[in-house]
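Scroll down for the structure; my scribbles are underneath it.
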Amino acid sequence: MRKFIQKALEKIEKLDSQQIQKLVSDLAQENERLEVVLESMTDGIMVTDTENRLVLYNKSAERLIPFVSVPEVYERKVWAVIADIEISDFVKSVLEHQETVRDREFSIRVGGEPRTLSCSVLPLVRNGKIQGNLFHIEDVTEKRAKEIRLRRAESLASLTTLAAGVAHEIKNPLGAIGIHIQLIKKSLQGKGRVGKRALMKHLDVVTEEVERLNKIVVDFLFAVRPMDAHLELRDLNGILLDLVKFVEVETAQGDVKLNVELAEGLPRLLLDEKYIKQAVLNLVKNSLSAMPQGGVLTIRTERKGDYVRLQVMDTGIGIPPEYLDKIFEPYFTTKEFGSGLGLTIVYKIVKEHKGEITVDSEPGRGTTFTIKFPIPQPERQLIDYRQEVPEGVAT
Ligand SMILES: Nc1ncnc2c1ncn2[C@@H]1O[C@H](COP(=O)(O)OP(=O)(O)O)[C@@H](O)[C@H]1O
Ligand SMILES: [Mg+2]
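Here the working numbering runs 4 ahead of the position in the sequence shown, where the first position is 1.
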């Protein structure tokens, strides 16, 4: 409550009629100001009381999700006011069953045009008590279209680098195949007897190089194939623990000690389990091959403000500073039989999760890869809300 109203209310019995008139007019002005703000918002807002009845809304809400046509929408259950069945069902199930997934996107037609609406339901908490709920509707049509355009441009750019990489990679095996076929031809054309063993040797090389070509193409396809990441609210630690079982087998063979430090009570994140496992496994594999004499491999999670941090650390050979900005590039490898695609794939997976990856390394001491995952909005609010609600109030 505004201070001047609170003060006036405290001494309301002592106010004369003129002062009361002034108070009412001030209140009306204040109210009008709030109304103007609410009406000038492009986002839709609908507010309910604790019984889920509609007590306040703005024009944008009515424009974005058509209301049912009834003479009076106030005091009705909020979902009974929303004409779109899908959105209405969503709001109803969130409010009635206290669902934890409290935001979703809907594709609907607004005035004949297809629009994407991002809808979220938030509890209104004041003085530690739930006062009702706020239903927020944002038209994200342009935002999503822009994201798709950006992603397309980005994937085209990386496709060009990859294609250049492939062209470079296939040069050597093709060259080798050419040379050995020439040699076979020569010995077949020659006058003397053709040694079977010599022929076999050339053919072996050709077969080997064809296999190499095949691997290049398969890896390339894997790297360029659009990712069908299916993001769901998941517990990162659970996924990591599952993966650790596999890693333990590998570390037990070498002389590597495995440290797993997972923070408790992490919020859930939007993750695709299959891809997260693949990304972490790629990092772990790199770490293991950086510690041929053994060492310590640490997998750690931690909450840091608006994001969750996942780190894979090793005490291996490290990366020279001049390589640091190359390691994510396709085909960059310092290993004799490396594909140079491991980190490219990790990078792609992290991006798909709207995360960020950074590396910190010191030659001779070790390397740390850090991935930051954004905490999704509803999870963030849910946590803040849990903290605000006093004990005894069910959440
Ligand atoms: N943990 C690490 N320690 C030291 N070097 C690393 C580590 N991770 C990656 N690298 C360097 O980055 C390069 C690229 O890695 P990656 O893309 O996985 O391809 P690959 O493992 O096939 O070489 C590696 O060849 C290596 O030089
Ligand atoms: Mg690798």
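Each residue gets a CB set at the ideal place from its N, CA and C atoms; glycine is no exception.
- A straight line joining the alpha-carbon of residue 153 with that of residue 145 spans about 13 Å.
- Relative to ligand 2, the beta carbon of residue 289 is positioned inside 7 Å of a heavy atom.
- Taking C-beta separations shorter than 7 Å and ignoring five residues to either side along the sequence, the partners of residue 122 in its chain run 107, 109, 142, 144, following chain order.
- Contact check for residue 379 against residue 310 passes: the beta carbons are separated by less than 8 Å.
- For residue 249, there is no enclosing beta strand (DSSP E); the enclosing alpha helix (DSSP H) has its first and last residue at 240-257.
- Ranked by Cα distance from residue 314, the first of 20, 57, 10, 376 is 376.
- In this structure, residue 116 has its beta carbon at no less than 7 Å from each heavy atom of ligand 2.
- Each of 334, 74, 351 was checked against the Cα of residue 343, and the nearest Cα belongs to 334.
- Counting every other CB atom within 10 Å of its CB across the protein chains shown gives residue 69 a total of 16 or more, marking it as buried.
- Collapsing the DSSP output to three states places residue 140 in a strand.
- Residue 374 has 315, 362 as its beta-bridge partners, per DSSP.
- Counting the other CB atoms within 10 Å of its CB gives residue 101 a total below 16, which places it among the exposed residues.
- Assignment of residue 348 by DSSP, reduced to helix, strand and coil, places it in the helix class.
- With respect to the 8 Å criterion, residue 353 and residue 282 are classified as neighbours on the basis of their beta carbons.
- When DSSP states are grouped into helix, strand and coil, residue 61 belongs to the strand group.
- Inter-segment contact for the region 186-203 and the region 232-244 is absent: fewer than three beta-carbon pairs are separated by less than 8 Å.
- With contacts defined as CB atoms closer than 8 Å, residue 318 and residue 301 qualify as a contacting pair.
- Straight across, the Cα-Cα distance linking residue 276 with residue 83 is about 32 Å.
- If you check the C-beta of residue 370 against ligand 2, you find no heavy atom less than 7 Å away.
- Contact between residue 251 and residue 288 holds, with the beta-carbon distance rounding to 5 Å and staying under 8 Å.
- Looking at 248, 28, 63, the one whose alpha-carbon comes closest to that of residue 41 is 63.
- Annotation: the continuous beta strand (DSSP E) that includes residue 111 extends over 107-114.
- Note on the region 123-206: whole alpha helix (DSSP H) runs with a minimum of 4 residues are 145-193, in chain order.
- In the structure shown, the three-state DSSP call for residue 270 is coil.
- Residue pairing by DSSP puts residue 49 in a beta bridge opposite 140.
- Our two residues, residue 116 and residue 67, have alpha carbons roughly 12 Å apart in a direct line.
- Residue 176 has its CB no nearer than 7 Å to any heavy atom of ligand 2.
- It is roughly 34 Å from the alpha-carbon of residue 299 to the alpha-carbon of residue 235.
- Within the same chain, and ignoring the five residues on either side of residue 332 in sequence, the residues whose Cβ sits closer than 7 Å to its Cβ are 347, 348, 351.
- A distance of 8 Å or more separates the beta carbons of residue 174 and residue 112.
- From the listed residues 134, 36, 218, the smallest Cα separation to residue 170 is found for 218.
- Between residue 371 and the set 358, 327, 381, the nearest pair of CA atoms involves 327.
- The Cβ-Cβ distance between residue 120 and residue 155 does not fall below 8 Å.
- One alpha carbon belongs to residue 324, the other to residue 103, and they sit about 49 Å apart.
- Membership of residue 56 in any alpha helix (DSSP H) is not indicated, and neither H nor E is assigned to it by DSSP.
- DSSP, read as helix, strand or coil, puts residue 325 in helix.
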